[in-house]
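Report on the structure given below.
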Amino acid sequence: MRTIFNNCIKSTDNRSTTAVKPFGCKPHKQTAKSLFPIQKNSRQGYNPFHLDIKKEPAMQFSAFGQKFTRNSGILQLMDDLGKALNSDKPVNMLGGGNPARIGEINRVYRQVLQELVDNEAAVESIGNYSTPQGDAVFIDTLVEFFNREYGWGITADNIVLTNGSQNAFFYLFNLFGGRFDENGGSADKSILLPLAPEYVGYADAHVEGKHFISVAPHIEEVEHEGESGFYKYRVDFDALENLPELKAGKIGAICCSRPTNPTGNVLTDDEMARLDKLAQAHGIPLIIDNAYGMPFPNIIYSKATLTWHDNIILCFSLSKIGLPGVRTGIIVASPEVVKAVTALNAIVNLAPTRFGAAVAVPLLRDGRLKTLSDTVVQPFYRKQAALAVSLLKKELAGYPMKIHKPEGAIFLWLWFEGLPVSSQTLYERLKAAGTLIIPSEHFFVGLDTANYRHAHECIRMSIAQDEETLRKGITAIRETLRSLYDAAG
Numbered sequence: 001m002r003t004i005f006n007n008c009i010k011s012t013d014n015r016s017t018t019a020v021k022p023f024g025c026k027p028h029k030q031t032a033k034s035l036f037p038i039q040k041n042s043r044q045g046y047n048p049f050h051l052d053i054k055k056e057p058a059m060q061f062s063a064f065g066q067k068f069t070r071n072s073g074i075l076q077l078m079d080d081l082g083k084a085l086n087s088d089k090p091v092n093m094l095g096g097g098n099p100a101r102i103g104e105i106n107r108v109y110r111q112v113l114q115e116l117v118d119n120e121a122a123v124e125s126i127g128n129y130s131t132p133q134g135d136a137v138f139i140d141t142l143v144e145f146f147n148r149e150y151g152w153g154i155t156a157d158n159i160v161l162t163n164g165s166q167n168a169f170f171y172l173f174n175l176f177g178g179r180f181d182e183n184g185g186s187a188d189k190s191i192l193l194p195l196a197p198e199y200v201g202y203a204d205a206h207v208e209g210k211h212f213i214s215v216a217p218h219i220e221e222v223e224h225e226g227e228s229g230f231y232k233y234r235v236d237f238d239a240l241e242n243l244p245e246l247k248a249g250k251i252g253a254i255c256c257s258r259p260t261n262p263t264g265n266v267l268t269d270d271e272m273a274r275l276d277k278l279a280q281a282h283g284i285p286l287i288i289d290n291a292y293g294m295p296f297p298n299i300i301y302s303k304a305t306l307t308w309h310d311n312i313i314l315c316f317s318l319s320k321i322g323l324p325g326v327r328t329g330i331i332v333a334s335p336e337v338v339k340a341v342t343a344l345n346a347i348v349n350l351a352p353t354r355f356g357a358a359v360a361v362p363l364l365r366d367g368r369l370k371t372l373s374d375t376v377v378q379p380f381y382r383k384q385a386a387l388a389v390s391l392l393k394k395e396l397a398g399y400p401m402k403i404h405k406p407e408g409a410i411f412l413w414l415w416f417e418g419l420p421v422s423s424q425t426l427y428e429r430l431k432a433a434g435t436l437i438i439p440s441e442h443f444f445v446g447l448d449t450a451n452y453r454h455a456h457e458c459i460r461m462s463i464a465q466d467e468e469t470l471r472k473g474i475t476a477i478r479e480t481l482r483s484l485y486d487a488a489g
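When you line the sequence shown up against the UniProt record's numbering, it's residues 1 to 489, in that order.
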């Protein structure tokens, strides 16, 4: 495949220029008299001076600035998370994407951190830049790990590091989506999400254009561990393969998360193979977000295979294995994509952070990172999912609730069919009552949901909290739903 990038990484000799309005703040003529007129017998506090300065116009931002400073789903999520963590009031935090603090995992990290301090590797990791591609030792260790586990035959030319997965997807979505110069003209291309709902953090990770197009899922009623009341999303391949934008060459890449955030859905190996075939047929890459998947943290309960070749871009993270604060993302891709992301790293960040790499290297070398994922992290969340399902079934019996089959990740996706208000309104009611969830509206990225009621009837609930928080939060959901359904008659 000949990789075609968006114009966002043109050479400086060839880049287009856009007239940008000045900030509009005129210099104020400052004199001692105008700045500090003395007020006789002033009673305005300890300062006897009143600044006589005209109010300047509000600061003006470019179109880029306006886009990235407006309200967004991911801003709401992270803002709520930060406020909850710093609040002096009790909050049932069922809304954030923070991983659980697992004692056994934390003990291993404390040990590794102490070893890094003792041998001065910690100082080395924070005292020097890496190359824009990322920490060389970590990259070589990842090459050995992936080849040992999966036999891909990759080299250091196939891996680039980023400051977290969010950083990686901002790069990738703007490399493969937006305005392209083609055949002497320009064309706009979008990122195709084969199934919505998808990760809310994708929605605004682009600079220009209609960046995302997605397809509504087939909703299939299923059983989970012998119980009814569950459903599963399936990719609607008939709609996908006949998508006008795909046929017209207006798609720059296909992207999916596996397991899916927010639903915990795991696309089957057959679905992934069809997506891979579709991407190759149209000469576009398939991007797979493994933030919750294999090989670490491996929060997957269904049968799944991890595949890679030159037309697949795999994204990994250290966040959900318990290290969200080190902001370390990993991309496995063709050398052409790796070089492009490396160039973007140099411009945007100079270099990726190295501290996460320092922590991960010894754990990858001796196999502990994968062992901890398989024997500690995955069983922990599987148990949490079972507990949350049990509590929901008990507390919300009698209400029209269906749960997406828990197949992975750290969330449950609840569908309240016929909900008398939008999930955004439900979110506001619960937030006022001290319980945070995430409303479904934000997750249907690239889909027109004006007449799609299902998109307004779901919530995402984190299962990463302790049992007491889960119980209190689910009780709050029950009480709020009761008042809403009672009011609706």
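Where a beta carbon is used, it is the ideal one built from N, C-alpha and C, also for glycine.
Please report the distance separating the alpha-carbon of residue 490 from that of L364.
Because the chain here runs from 1 to 489, residue 490 falls outside it and cannot be looked at.
Between L350, L412, R471, which has its C-alpha nearest S130's C-alpha?
The residue you call residue 130 lines up with position 130 of the sequence shown. Nearest C-alpha to S130: L350.
Helix, strand or coil at K472 [DSSP, three-state]:
Numbered from its first residue, the sequence shown carries residue 472 at position 472. Of the three classes helix, strand and coil, the one that applies to K472 here is helix, per DSSP.
So, are the CB atoms of P217 and Y233 less than 8 angstroms apart?
Indexing the sequence shown from 1 puts residue 217 at position 217. Indexing the sequence shown from 1 puts residue 233 at position 233. Against a cut-off of 8 angstroms, the Cβ pair of Y233 and P217 comes out as a contact.
So within the stretch 133-176, which uninterrupted beta strand (DSSP E) runs reach at least 3 residues, ignoring any that extend past its ends?
159-162
Ordered list of beta strand (DSSP E) runs contained in the stretch 286-332, each at least 3 residues:
286-289, 312-317, 329-332
Nearest-angstrom beta carbon gap, G201 and I74 [assumed within contact, 8 angstroms]:
Numbered from 1 along the sequence shown, position 74 holds the residue referred to as residue 74. Numbered from 1 along the sequence shown, position 201 holds the residue referred to as residue 201. Indeed they touch by this definition, with Cβ atoms about 5 angstroms apart.
Give me, in chain order, the residues of the same chain whose beta-carbon lies closer than 6 angstroms to that of Q166; leave out the 5 immediate sequence neighbours on both sides.
Within the sequence shown, the letter at position 166 stands for residue 166. G201, listed in sequence order.
Quick one, which of V143, I191, H456 has its alpha-carbon nearest G446's?
As a first step, residue 446 is located in the sequence shown; it is residue number 446 there, counting from the start. With distances taken between Cα atoms, G446 lies closest to I191.
Is the stretch 437-453 touching the stretch 179-198, taking contact as three or more C-beta pairs under 8 angstroms?
yes
Please list the segments of the alpha helix (DSSP H) lying wholly inside the stretch 378-438, counting only runs of 4 or more residues, in order along the chain.
378-395, 423-432
Nearest to W235 by alpha carbon, out of G473, E220, A168, I330?
In the sequence shown, counting from the first residue as 1, residue 235 sits at position 235. First, the amino acid is wrong: residue 235 is Val here, not Trp. Here the closest residue by C-alpha is E220.
Just the C-alpha distance for I287 and L161, rounded to the nearest angstrom, thanks.
As a position in the sequence shown, residue 287 is number 287, starting the count at 1. As a position in the sequence shown, residue 161 is number 161, starting the count at 1. Taking the straight line joining both Cα atoms gives about 16 angstroms.
Quick one, are the C-beta atoms of S334 and D366 less than 8 angstroms apart?
Along the sequence shown, one-based indexing puts residue 334 at 334. Along the sequence shown, one-based indexing puts residue 366 at 366. Not in contact: S334 and D366 (Cβ atoms no closer than 8 angstroms).
Hey, quick one: how far does the beta strand (DSSP E) through K247 stretch, first residue to last?
As a working note, residue 247 is residue 247 in the sequence shown. Unbroken run through K247 is the alpha helix (DSSP H), 244-247; no beta strand (DSSP E).
The stretch 399-408 contacting the stretch 221-232, beta-carbon criterion three pairs below 8 angstroms:
yes
Pair within 8 angstroms by beta-carbon distance, R460 and F416:
Here the question's residue 460 lines up with position 460 in the sequence shown. Here the question's residue 416 lines up with position 416 in the sequence shown. Contact flag unset, no.
Between the alpha carbons of G184 and V338, how many angstroms are there, rounded?
Locating residue 184 in the sequence shown gives position 184, counting from the first residue. Locating residue 338 in the sequence shown gives position 338, counting from the first residue. Cα-Cα distance, rounded: 27 angstroms.
Please name the residue, chosen from M59, N71, V112, V377, that lies closest to P362 on a Cα-to-Cα basis.
On the sequence shown, position 362 is the one that residue 362 refers to. The shortest C-alpha separation from P362 is found at V112.
Using a Cβ-Cβ cutoff of less than 8 angstroms, which residues in the same chain neighbour V137 once the five nearest sequence positions on both sides are dropped?
Here residue 137 refers to the residue found at position 137 when the sequence shown is read from its first residue. Once the five neighbours on either side are set aside, the close Cβ partners of V137 are A357, V361.
A346 to A464 span [Cα, whole Å]:
Here residue 346 is taken as the residue at index 346 of the sequence shown, counted from 1. Here residue 464 is taken as the residue at index 464 of the sequence shown, counted from 1. Answer to the nearest angstrom: the Cα atoms are 35 angstroms apart.
Assuming contact is defined by CB atoms lying nearer than 8 angstroms, are G473 and N158 in contact in what I supplied?
As a working mapping, residue 473 is identified with position 473 in the sequence shown. As a working mapping, residue 158 is identified with position 158 in the sequence shown. Cβ distance not < 8 angstroms, so G473 and N158 don't count as in contact.
Opposing strand residues paired with Y109 [DSSP bridges]:
Residue 109 sits at position 109 when you count from the first residue of the sequence shown. In DSSP, Y109 forms no bridge with anything.
Under DSSP, the alpha helix (DSSP H) around V222 begins and ends at which residues?
Against the sequence shown, residue 222 aligns to sequence position 222. Note, V222: premise wrong, no alpha helix (DSSP H); beta strand (DSSP E) at 218-224.
Where G201 falls: helix, strand or coil (DSSP)
Start at 1 with the first residue of the sequence shown, and residue 201 comes out as number 201. Helix at G201.
Alpha-carbon spacing of A488 relative to E479, whole angstroms:
Along the sequence shown, one-based indexing puts residue 488 at 488. Along the sequence shown, one-based indexing puts residue 479 at 479. Whole-angstrom Cα-Cα distance: 14 angstroms.
Kindly indicate which three-state DSSP category D181 falls into: helix, strand or coil?
The residue you call residue 181 lines up with position 181 of the sequence shown. In this structure, D181 counts as strand in the three-state DSSP scheme.
Same chain, Cβ closer than 6 angstroms to T435, five either side skipped, listed in chain order:
Counting from 1 along the sequence shown, the entry for residue 435 is found at position 435. Excluding positions up to five away in sequence, the list reads N92, G473, A476.
Going by C-alpha distance, which of F61, P132, K303, T141 is nearest residue 491?
No answer is possible for residue 491: the residues shown for the chain start at 1 and end at 489.
Tell me which residue opens and which closes the beta strand (DSSP E) that residue 530 is part of.
Any answer about residue 530 is impossible in this case: the structure gives the chain only from 1 up to 489.
Which residues in the same chain as A281 place their Cβ atom closer than 7 angstroms to its Cβ, once the five residues preceding and following it in sequence are excluded?
Numbered from 1 along the sequence shown, position 281 holds the residue referred to as residue 281. Nothing listed; no residue qualifies.
Quick one: what does DSSP say E234 is sitting in, helix, strand or coil?
Taking the first residue of the sequence shown as position 1, residue 234 is located at position 234. Looking at the sequence provided, one finds Arg at residue 234 rather than Glu. Strand, per DSSP.
Quick one: complete alpha helix (DSSP H) runs, 4+ long, within the stretch 339-372?
355-365, 368-372
Contacting residues, own chain, Cβ-Cβ under 7 angstroms from S483 (five flanking each side not counted)
As a position in the sequence shown, residue 483 is number 483, starting the count at 1. Here the set comprises nothing.
Helix, strand or coil, according to DSSP, for A253 in the structure here?
Within the sequence shown, the letter at position 253 stands for residue 253. Note: A253 maps to strand in three-state DSSP.
Just the C-alpha distance for V326 and L142, rounded to the nearest angstrom, thanks.
Within the sequence shown, residue 326 is the residue found at index 326, counting from 1. Within the sequence shown, residue 142 is the residue found at index 142, counting from 1. Rounded to the nearest angstrom, the two C-alpha atoms are 17 angstroms apart.
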